[in-house]
Amino acid sequence: MDTEPYVDHNPQIAGVIVFVTSFLGIIANGIVVFWVCSLPSMQTSFGRMTRSQATADFLHDWSFFLYMAPMLTFNLKSWNSHDISSICGHLLLIFYDACNACHFFMALNRTCAIFFPIQYPHIFSHRNVTIMNTFCWLSAIVPSIWTYRIADCRFYYLDAIWGYTFDDNPLCGKIGWYYDFIKSVTTILIIGVLDLVTFIKCRIHGAQLVAKITDAQARAKRRSEIHYATQVCLQGCIFILELFSFFLFVNYVDSKMAKFALTTIAWISVHALDGMITIYFNKEFRAIIRRKRDISATHSVGQKATHSSSQN
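Under our numbering, the first residue of the sequence shown carries the number 213, and numbering increases by one thereafter.
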């Protein structure tokens with residue numbers, strides 16, 4: 213008698229989960245890209261880097277939405293061949309690496325703004341930011357052509373876990389561990405160190421200004437520092453957790469659905485949450501949400517008042 217849970221035999225459930233999770237990521241990161249392109253206040257070096265990073269997140273979740281979600285939901289066996297799925301897997305790794313590289317330069321941007329305010333406009337000039345964004349994408353694309361296409365290593369879909377894995381050979385094992393896992397963890401740790409140093413500098417500088425500003429200004433500055441620390445901490449934690457989940461935690465579960473959750477869903481979710489965190493903690497984005505909420509509330513009150521007067 214088959215004792216495995218029902219969900220472990222139902223790819224349609226997995227497909228719906230991928231549809232919903234990736235769709236949320238598409239919406240969140242699509243909003244970030246749209247607002248960054250639309251807001252004059254975001255036409256800065258940091259805004260342009262945010263747009264590049266959100267674009268990588270958007271394309272990552274869009275790839276899952278277009279390929280893996282329908283493949284699982286409609287049980288399209290012809291789509292999950294090694295050759296076809298490895299092409300999508302290659303693209304996913306490019307978008308993931310580009311996102312990490314963008315996060316690194318964004319952390320560097322924050323650090324330079326605090327430690328080198330005079331040199332900052334030159335370091336992050338329009339031309340230099342263009343070079344940095346280009347580097348983020350080229351550094352993700354060019355090495356991957358050798359590692360995932362020329363070398364004997366493919367990152368392909370494995371139906372046994374409803375997720376992606378590396379080819380089972382010595383070279384691919386080294387590429388997956390060192391080029392993907394170790395490189396990503398190292399990048400995220402460097403980002404964490406940069407953000408920690410920046411936060412400490414902000415706190416020291418803030419303490420020196422406390423005596424010179426009003427209580428309201430001090431509270432506003434404190435809220436800004438808390439938002440900054442919370443944002444970078446959350447983004448760092450979710451990326452680290454996703455890496456450990458994908459490479460390590462998955463080895464301690466047997467259920468197909470559990471493996472799916474610790475690999476595929478964790479990977480989609482980290483990019484969806486990246487966009488949501490950006491929206492929640494960015495003051496310009498929060499201001500847009502408040503304005504839209506106020507307009508909606510005013511419109512609703514106006515409609516009720518009109519309806520009431522018409523009844524009288």
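For each residue, glycine too, the CB sits at the ideal point set by N, CA and C.
Quick one: Cα of residue i to Cα of residue j, how far?
i	j	result
F277	N222	18 Å
D486	V444	10 Å
L453	L460	10 Å
D214	K468	Annotation note: pLDDT 49 at D214 (below 50); position unreliable, no value reported.
I229	S290	21 Å
Y376	I491	29 Å
L370	S264	30 Å
F393	F456	9 Å
H338	S257	7 Å
Y391	D269	20 Å
G227	A363	31 Å
D295	G259	38 Å
L236	S250	21 Å
R361	I412	43 Å
H439	S293	45 Å
Go to residue i, then tell me how far its beta strand (DSSP E) extends in each direction, as first and last residue.
i	result
L370	367 to 370
Mapping the DSSP letters down to three states, classify residue i as helix, strand or coil.
i	result
T256	coil
F336	coil
Q447	helix
L401	helix
V465	coil
L460	coil
A363	coil
Q265	helix
I330	coil
N345	helix
Based on the DSSP secondary-structure assignment, which residues constitute the bridge partners of residue i?
i	result
G487	In DSSP, G487 forms no bridge with anything.
N376	The identity of residue 376 in the sequence shown is Tyr, whereas the question assumes Asn. Answer by DSSP bridge pairing, in chain order: Y369.
Which first and last residues belong to the alpha helix (DSSP H) in which residue i is found?
i	result
G301	294 to 327
F231	223 to 250
L383	382 to 386
K471	468 to 472
L284	281 to 285
Residue i and residue j: beta carbons closer than 8 Å?
i	j	result
S275	Y368	no
I306	S356	yes
A325	S351	no
T475	F497	no
I330	K471	no
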